[in-house]
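Notes follow the structure.
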Amino acid sequence: MSDFSRGWRASALMKTRLPVVLIAAGLALSATTSLSFAQKGKTISAVMHSDLRVIDPIITTAYITRNHGYMVYDTLLAMDSSFKVQPQMASWKISDDKLTYTFTLRDGLKWHDGKPVTAEDCVASLKRWGQRDGMGQKLMDFVGSLDATDDKTITLKLKEPYGLVLESIGKPSSVVPFMMPKRIAETPADKAIAEQIGSGPFKFIPSEFQPGVKVAYEKNKDYVPRSEPPSWTSGGKVVKVDRVEWITMPDAQTQVNSLLSGDIDFLENPSFDLLPALTGDKNIKVEVLNKLGFQTLGRMNFLHPPFDNVKVRRAAFLAMSQKPVLDALIGNPQYYKMCGAVFGCGTPLATEAGGETLVKGDGMAEAKKELAASGYDGTPVVVMAPGDVVTLKAQPIVAAQLLRDAGFKVEVQATDWQTVVTRRASQKPPKEGGWNMFFTNWVAADILNPVGNASISGRGKAGGWFGWFDDPKMEELRDKFARSTSPDEQKKLAADIQKIAYDQVAYIPLGQYTIPNAWRNQITGVLDGPVPVFWNVEKK
Numbered sequence: 080m081s082d083f084s085r086g087w088r089a090s091a092l093m094k095t096r097l098p099v100v101l102i103a104a105g106l107a108l109s110a111t112t113s114l115s116f117a118q119k120g121k122t123i124s125a126v127m128h129s130d131l132r133v134i135d136p137i138i139t140t141a142y143i144t145r146n147h148g149y150m151v152y153d154t155l156l157a158m159d160s161s162f163k164v165q166p167q168m169a170s171w172k173i174s175d176d177k178l179t180y181t182f183t184l185r186d187g188l189k190w191h192d193g194k195p196v197t198a199e200d201c202v203a204s205l206k207r208w209g210q211r212d213g214m215g216q217k218l219m220d221f222v223g224s225l226d227a228t229d230d231k232t233i234t235l236k237l238k239e240p241y242g243l244v245l246e247s248i249g250k251p252s253s254v255v256p257f258m259m260p261k262r263i264a265e266t267p268a269d270k271a272i273a274e275q276i277g278s279g280p281f282k283f284i285p286s287e288f289q290p291g292v293k294v295a296y297e298k299n300k301d302y303v304p305r306s307e308p309p310s311w312t313s314g315g316k317v318v319k320v321d322r323v324e325w326i327t328m329p330d331a332q333t334q335v336n337s338l339l340s341g342d343i344d345f346l347e348n349p350s351f352d353l354l355p356a357l358t359g360d361k362n363i364k365v366e367v368l369n370k371l372g373f374q375t376l377g378r379m380n381f382l383h384p385p386f387d388n389v390k391v392r393r394a395a396f397l398a399m400s401q402k403p404v405l406d407a408l409i410g411n412p413q414y415y416k417m418c419g420a421v422f423g424c425g426t427p428l429a430t431e432a433g434g435e436t437l438v439k440g441d442g443m444a445e446a447k448k449e450l451a452a453s454g455y456d457g458t459p460v461v462v463m464a465p466g467d468v469v470t471l472k473a474q475p476i477v478a479a480q481l482l483r484d485a486g487f488k489v490e491v492q493a494t495d496w497q498t499v500v501t502r503r504a505s506q507k508p509p510k511e512g513g514w515n516m517f518f519t520n521w522v523a524a525d526i527l528n529p530v531g532n533a534s535i536s537g538r539g540k541a542g543g544w545f546g547w548f549d550d551p552k553m554e555e556l557r558d559k560f561a562r563s564t565s566p567d568e569q570k571k572l573a574a575d576i577q578k579i580a581y582d583q584v585a586y587i588p589l590g591q592y593t594i595p596n597a598w599r600n601q602i603t604g605v606l607d608g609p610v611p612v613f614w615n616v617e618k619k
């Protein structure tokens, strides 16, 4: 057991045993002390896939920050398990000409500071989100005006019909359009918000936030859930516990031991190597909650050498192979599949054209030729390699070796994921704290179409995703896709977009996988979906 785990466990046991020790010693607990223990009530202790440091869910696509967002904030619309957008904070009406969308806030909505939620708050929130999120940016390209008509009415008017209005506002994953009070939402989109005040089912407890140690949430007793059954991020968000605590435990073995011993209740991403210990215990339930799974990928920085040269990018692309990455990342073929589809295999827009060498792993010889002809001058490729997240440790190590095999000089810089989340936003050269390549994962819900898939955005520095791929032709085709209402035309446009993405190496898809979650049997009501949520969950 690590020093951190030993200390944390001892602290937890002290908290549990303290009342007994005092009673045994004949000491009476004061009314204040008794009240503090009573108030704690039922607490779910969870170890998530990453430590939480960035807590503004609009300025990053990091999933741990998105997960935090769902604890604290609510959304106007939400998506159910059938990919259908449902009302959440608001209902809507669409004009006959498809140019005006009117959203009406439901009754009973309050911010955590007790003030009522207003349409002005939501307009400000949508505008800030629309500056950061790829799907939001595209929506705002088509918006003529967005106003609060009265305290409960939001009116969105389009310059021309746009078929993804509801899908954009109801998107379930990064970056989610979470609603915030106007005074917070008016924070510049490139600056982190100073307060965590939402209207969601839990309240953030600032005094207990210890990055690298713990983050805590308490039940929002003023939250009025919808009456519908919960489904994905939609429906009734009924909180059935008093508190949720996310405990930071970087070591995979410590995580599993803590779940087996009952020191924690929920483990988001157990190590694949250690799954047998969990599946063999009758007190533990192991299940894949995100049935659609993830796409893992490599992303280059287009601003600096060597990947500002498309010929060098293509050489790196040809060097990549999905199988060694997936073998190192997952190991068990039951949980992964090789896939050359930018929009995910098994989806309506899936095509594997252009990704053949990734799937077959036969591009190394061509990669060496391409690199030799590219003018590559030996500039080191700085690869950020986080070692604290199970699902992000393997990719940079395997990819770095493949790049070396092709003839690249590679510098792997060991770090943690939250440092990557912060550092990847830097546009400085690698020698000044920047980077050349990082690896991450998208849930399938984030890559299903050309508007939602941030990795193919061609906006460059003008709002593009980290790496800042700049391609006007890509943006032209994404606009056409957004305007199209024909499934056949959309499929053709998606294929054309994928061709550009591979030709220009917008990013490198490295396969798909699912990962099981694990929790103790005393926890019930755990919901499936692309996001781990803690409403509807009971603890015996």
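The sequence shown begins at 80 in this note's numbering and counts up by one. Just so you know, even glycine gets a beta-carbon here, dropped at the ideal spot from N, CA and C. Remember, it's a predicted structure, so these values are computed and weren't measured experimentally.
- Going by DSSP, Asn520 is part of no alpha helix (DSSP H) but of the beta strand (DSSP E) stretching over Met516 to Val522.
- Pro240 places its beta carbon less than 9 Å from that of Asp176.
- Counting C-beta atoms within 10 angstroms of its own C-beta, Asn615 has 16 or more neighbours from the protein chains shown and is therefore classed as buried.
- Remark: C-beta atoms of Val468 and Asp495 approach each other more closely than 9 Å.
- Taking Trp190 as reference, the option from Thr154, Gln601 and Arg483 with the minimal CA-CA separation is Thr154.
- Contact annotation: Ile576 and Pro529 have beta-carbon atoms nearer than 9 Å.
- Bridge pairing for Arg378: Phe517 [DSSP].
- For Ser313, the beta-bridge partners assigned by DSSP are Ser310.
- Counting along the chain, Asp607 sits inside no alpha helix (DSSP H), nor does DSSP assign it H or E at all.
- For Pro280 against Asn299, the beta-carbon gap comes to about 6 Å, under 8 Å, which counts as contact.
- Comparing alpha-carbon positions, the option among Glu297, Asp229 and Leu382 lying closest to Asn515 turns out to be Leu382.
- Counting the other CB atoms within 10 Å of its CB gives Phe182 a total of 16 or more, which places it among the buried residues.
- Between Glu554 and Lys319, the C-beta spacing is not below 9 Å.
- Burial state of Glu366 is exposed, judged by a 10 Å Cβ sphere holding fewer than 16 other Cβ atoms.
- One alpha carbon belongs to Ala203, the other to Thr140, and they sit about 20 Å apart.
- As the crow flies, the alpha-carbon of Thr426 is around 11 Å from that of Lys570.
- Put simply, the backbone Cα of Ser253 is about 29 Å away from that of Asn388.
- At the C-beta level, Glu449 and Ala524 stay beyond 9 Å of one another.
- Annotation note: the segment 164-225 contains the following uninterrupted alpha helix (DSSP H) runs of length 4 or greater, listed N- to C-terminal: 198-211 and 213-221.
- In this structure, the straight-line span from the alpha carbon of Asp220 to that of Asn600 is close to 48 Å.
- Here the alpha carbon of Phe560 sits roughly 43 Å from the alpha carbon of Met328.
- A straight-line Cα-Cα distance of about 12 Å links Ile587 and Ile579.
- Around the beta-carbon of Phe162, fewer than 16 other beta-carbon atoms lie within 10 Å, marking it exposed.
- Ranked by how close their Cα comes to the Cα of Trp311, the residues Val164, Val584 and Glu568 have Val164 in first place.
- Per the C-alpha coordinates, the member of Val421, Asn146, Phe396 and Thr498 positioned closest to Ala533 is Val421.
- Between the beta-carbon of Asp360 and that of Leu339 there is about 6 Å, and that keeps the pair under the 8 Å contact cut.
- Put simply, the backbone Cα of Thr266 is about 48 Å away from that of Ala451.
- One alpha carbon belongs to Val196, the other to Asn362, and they sit about 42 Å apart.
- Counting the other CB atoms within 10 Å of its CB gives Ile173 a total below 16, which places it among the exposed residues.
- For Ala271, there is no enclosing alpha helix (DSSP H), as DSSP gives it neither H nor E.
- The segment 510-578 contains, as complete beta strand (DSSP E) runs of 3+ residues, the segments 516-522 (chain order).
- One alpha carbon belongs to Pro465, the other to Phe288, and they sit about 22 Å apart.
- A direct Cα-to-Cα measurement between Arg538 and Gly209 gives close to 14 Å.
- Taking C-beta atoms under 8 Å as the contact rule, Gln474 and Val404 qualify, at a distance of about 6 Å.
- Rounded to the nearest angstrom, the gap between the Cα atoms of Glu347 and Ser124 is 11 Å.
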